[in-house]
Amino acid sequence: MSSVQVNAITLEDPDTPNSFTIEILPWTMVNHIIPNRSIFTITDVETGMQFTVQRRAGSMHADVQPLTYKDTKIMKKIYNGKWSWKRRAILVVTKDQMLAASMHGMPHGAGALKNGFPGHFCVHFLGSTTHGSKHEDLSHKLMILRAGGKLDDYLNVISPSQIVNVFEAAVNQGDQKIVGMIVENSNKQKQLQKRLKKINVIRFDDKSLAINEGKDDIISQQINLKATIYHSDNGQERKNLKLMFWKDVVSGQWKIDDEIIEAL
């Protein structure tokens, strides 16, 4: 299993003498940095939009609510006017710290603030788990690493079988950027993106590990697996897939052969 070390990157603001350090901290630490009832700012990494929230609950991650009606409006705008379970890379700013995190955008459960938000939403940090599975959610983890500037480093060290998990998570989140990072660069990228837009959900099971996985001198691997694919037209099918992987000799990253387009 690969590990992600607690780390930090510094962003220099060219217009001011200040610098901001983005920290990737484990939930065990963050739980004390943003205790219940604390108020902090969330910045969406992709759009730069900011809104203020209050933590109201949560033991394995933070259950938070937008502070005001205005904050709810900004959050909904980040999600293009429609609430969604899609994970997004965010920065949590509290006092003098900026923390890499991930959120989804679906109101659920109880809400106590007068903010027009019907419930609360979840904010995850490194090592956070979901209420249901009690396991770290890979989609949240990928967004945390993106927020902290460490996604490339992570993809460079994980195994082909872990790349399969990342591909599954990226497809199910509709994250074309991550898909592009783990599939061989070629003139088939647009074709792949078009194909994936027709897939709502993909589930892999019965994964057969690569025979020589973990050996440094191996530059190609094949993984056989079964997939259940749920299409945007509500169709469903089962497929036996053979995925070929190639190792980039410079970065060390494993990438999926672009022939996956035909396989899907």
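For the sequence shown, counting from 1, position 48 maps to 47 in numbering that gives the first Met the number 0; every step adds exactly one. By construction, the Cβ of each residue, glycine as well, lies at the ideal position given by its N, Cα and C atoms.
Around the C-beta of V29, 16 or more other C-beta atoms lie within 10 Å, and the residue is accordingly described as buried. The DSSP-derived three-state label of Y229 is strand.
Taking every protein chain shown into account, the CB of H230 has fewer than 16 other CB atoms within 10 angstroms, so this residue is exposed. Under the DSSP assignment, F39 falls outside any alpha helix (DSSP H), being part of the beta strand (DSSP E) whose first and last residues are 38-43. Buried is the label assigned to K149, since at least 16 other Cβ atoms lie within 10 Å of its Cβ. C-alpha of I73 to C-alpha of F39: approximately 15 Å in a straight line. Within the model, the alpha-carbon separation for L141 versus F120 is close to 18 Å. Taking a 10 Å sphere around the C-beta of V200, we find fewer than 16 other C-beta atoms and assign the residue as exposed. Taking every protein chain shown into account, the CB of S58 has fewer than 16 other CB atoms within 10 angstroms, so this residue is exposed.
Excluding residues up to 5 positions away in sequence, Q53, R54, T93 lie with their Cβ nearer than 8 Å to the Cβ of S37 in the same chain. With a contact defined as Cβ atoms closer than 8 Å, L90 and T42 qualify at about 4 Å.
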